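Asker:
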Amino acid sequence: MGNPDHLTTQAVRELNQADVILVPKKGSDKADLADLRRQICNKVLQQSVPIVEFDLPVRDSTSGTYLDGVNDWHAAIAATWRRIIRQALPDGGTVALMIWGDPALYDSSLRIAERLLNAGMQVQIHMVPGLTSFQLLTAAHCIPLNTLGGAVMITTGRNLRDEGWPEGCETMVVMLDGGCAFQTLEAADYNIWWGAYLGMDNQILMSGALADCGNQIIAKRAQARQEHGWIMDLYLLRKRDTET
Ligand SMILES: C[S@@+](CC[C@H](N)C(=O)[O-])C[C@H]1O[C@@H](n2cnc3c(N)ncnc32)[C@H](O)[C@@H]1O
């Protein structure tokens, strides 16, 4: 999650045992994310492991449906991985790819890795679990994720905007939301716990009744995004009448 303290000892061990570490570059806006990965490597590597940077293909959001665009994009990333791995390790070996948060949550690296297998590449995929952004959010605000015995929905801003709040849902974690989809809700009914740049030096937290702090979050988010050139944020919403 961008903070070396959040790597598990298992992740540190695997990085140290790799023959090469791949670090994606995602364009100038996110250059500091590639820098962060390099800084983390510098901090945790006890021996010299080559770090290979590569340009991540950019998703074409103008052609076809959203899913078609993602499919083409994943194919392009898999082709890039194949090329880079063959160049870096022509005789085989162990490649480490650093994933943001936990690889199982809103991350397609495992799906893309499976494309290597499907394309006939002889690879064994091994995943190390990581801390995920909603754990950092609940820890930063010192709140439980769920209500007593209650269920939790983890979803995206797009889903909340398009589908609304599902019947019976008490707690919702919203990720990947560039448009503050909480604005589509009846503000009086919810509390919100919001966090940006969690685990980093510039972490920002805000929480309270959605009716009181929704607009402040929108303004703060816009300001921070402008300041840094990028933002990663998420929030937890809870129905006020289910508060425990
Ligand atoms: C592509 S998903 C990756 C999620 C990641 N695999 C995880 O375990 O959290 C990116 C989304 O995760 C959330 N996120 C990731 N890192 C974050 C951070 N440091 N602070 C706040 N939100 C973060 C944001 O909602 C962002 O849009």
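Numbered by my numbering, the letters in the sequence shown go through residues 33 to 276 in order.
Backbone N, C-alpha and C define an ideal beta-carbon position, used for all residues, glycine too.
Because the structure is a prediction, the values reported are computed rather than measured.
1. At what residues does the alpha helix (DSSP H) containing T271 begin and finish?
2. In the DSSP output, what is P56 paired with across the bridge?
3. Taking the alpha-carbon of F86 as reference, which of R272, A111, A213 and V102 has the nearest alpha-carbon?
4. For ligand 1, is there a heavy atom less than 8 Å away from the beta-carbon of I131?
5. Say the cut is 8 Å; is the CB of M185 nearer than that to a heavy atom of ligand 1?
6. State yes or no: is the C-beta of M232 nearer than 8 Å to some heavy atom of ligand 2?
7. Could you tell me whether the Cβ atoms of T40 and V160 are closer together than 9 Å?
8. DSSP three-state call for T203: helix, strand or coil?
9. Excluding the 5 residues preceding and the 5 following D221 in the sequence, name in chain order all residues of the same chain whose CB lies nearer than 7 Å to its CB.
10. Jot down the residue ranges of each uninterrupted alpha helix (DSSP H) in the stretch 92-121, minimum 4 residues, whole runs only, in chain order.
11. Give me the Cα-Cα distance between Y267 and L169, rounded to the nearest whole angstrom.
12. Between the C-alpha atoms of I250 and A256, what's the straight-line distance to the nearest angstrom?
13. Could you tell me how far apart the beta carbons of L163 and D134 are, in whole angstroms, since I believe they sit closer than 8 Å?
14. Mapping the DSSP letters down to three states, classify I236 as helix, strand or coil.
15. Please say whether G34 and L88 have beta carbons closer to each other than 9 Å?
16. On the criterion of 16 or more Cβ atoms from any shown chain inside 10 Å, does V55 qualify as buried, or is it exposed?
17. Just to confirm before moving on: does the CB-CB distance between V81 and A120 stay below 9 Å?
18. Using the Cα positions of R91 and R118, report the straight-line distance between them to the nearest angstrom.
19. Would you mind stating whether T126 and V184 have Cβ atoms separated by less than 9 Å?
20. Count the other C-beta atoms from every protein chain shown that fall within 10 angstroms of the C-beta of L237, then say buried if there are 16 or more, exposed otherwise.
21. Is it the case that the Cβ atoms of L285 and S165 are separated by a distance below 9 Å?
Answerer: In short:
1. Rather than Thr, the amino acid found at residue 271 in this sequence is Lys. Judged by DSSP secondary structure, K271 falls outside any alpha helix (DSSP H) and instead within the beta strand (DSSP E) spanning D265 to K271.
2. As DSSP reads the structure, P56 sits in a beta bridge with F86.
3. When C-alpha distances from F86 are compared across R272, A111, A213 and V102, the shortest belongs to A111.
4. Under cutoff, so the answer is yes.
5. The beta carbon of M185 sits no closer than 8 Å to any heavy atom of ligand 1.
6. Questions concerning ligand 2 fall outside what the structure shown contains, since the ligands it does hold are ligand 1.
7. By the CB criterion at 9 Å, T40 and V160 fall inside the cutoff.
8. Three-state DSSP puts T203 in a strand.
9. Same-chain partners within the cutoff: K271 and R272.
10. DSSP runs (the alpha helix (DSSP H)) wholly in the stretch 92-121: 98-120.
11. Near 8 Å, if we compare the C-alpha coordinates of L169 and Y267.
12. I250 and A256: Cα-Cα distance of roughly 10 Å.
13. The beta-carbon separation of L163 and D134, rounded to 7 Å, stays under the 8 Å limit for a contact.
14. In the three-state DSSP reduction, I236 falls in the strand class (E or B).
15. Cβ atoms of L88 and G34: not closer than 9 Å.
16. Flag for V55 reads buried.
17. No, these two residues do not count as a Cβ contact at 9 Å.
18. In this model, R91 and R118 are separated by some 23 Å (Cα to Cα).
19. T126 is not a Cβ neighbour of V184, given a cutoff of 9 Å.
20. With fewer than 16 other Cβ atoms within 10 Å, it is exposed.
21. Residue 285 is absent from the structure shown; the chain starts at 33 and stops at 276.
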